[in-house]
Amino acid sequence: MTKPIDIKRFAHLLSAQGTLDEIERTLRLTGDRRTARKIAAVRRTLSRAIAGEEEGLYRSLSEYR
8 MTKPIDIKRF AHLLSAQGTL DEIERTLRLT GDRRTARKIA AVRRTLSRAI
58 AGEEEGLYRS LSEYR
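Okay, so the sequence shown: first residue is 8 according to this note's numbering, each after it adds one.
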C-alpha cells in the first residue's frame, strides 16, 4: 500500500505554483527577464513535485476501487 496523500500539502503546492506564475508574468512585463527565468526554474521544479503528488494520488485512489 502506498503512503496516504496529504491533500493540504497538494493544495498548497498548487497555490504556490499559481503565485509563481503571477510573479514570473509580472517580472517579464517589467523587463526583469533574468529574475523571471530564475522564478521559472523554481516553478518547473515545483511542477515536477506536483506531478509526483498527482501520481501518488492516482495510485492511492486506484487502491480504494
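Note that beta-carbon positions come from the ideal geometry of N, C-alpha and C, so glycine has one too. Source: prediction; values computed, not measured.
When DSSP labels each residue in this structure, what does residue i get in the three-state scheme?
{"i": "Asp13", "result": "coil"}
{"i": "Gly38", "result": "coil"}
Taking residue i and residue j to be in contact with their CB atoms under 8 Å, please state how far apart those CB atoms are, rounded to whole angstroms.
{"i": "Leu20", "j": "Ile46", "result": "That pair is no contact at about 16 Å."}
{"i": "Gln24", "j": "Arg55", "result": "So it is not a contact: roughly 11 Å between Cβ atoms."}
Let me confirm a value: residue i is counted as buried when at least 16 other C-beta atoms fall within 10 Å, else exposed. Which label applies?
{"i": "Met8", "result": "Confidence in Met8 is poor, its pLDDT being 49 and thus under 50, which makes the residue's placement unreliable; the coordinate value appears in the next sentence. Result: exposed."}
{"i": "Glu29", "result": "exposed"}
{"i": "Glu70", "result": "exposed"}
Beta carbon of residue i, beta carbon of residue j: below 9 Å?
{"i": "Leu34", "j": "Leu53", "result": "no"}
{"i": "Phe17", "j": "Glu62", "result": "no"}
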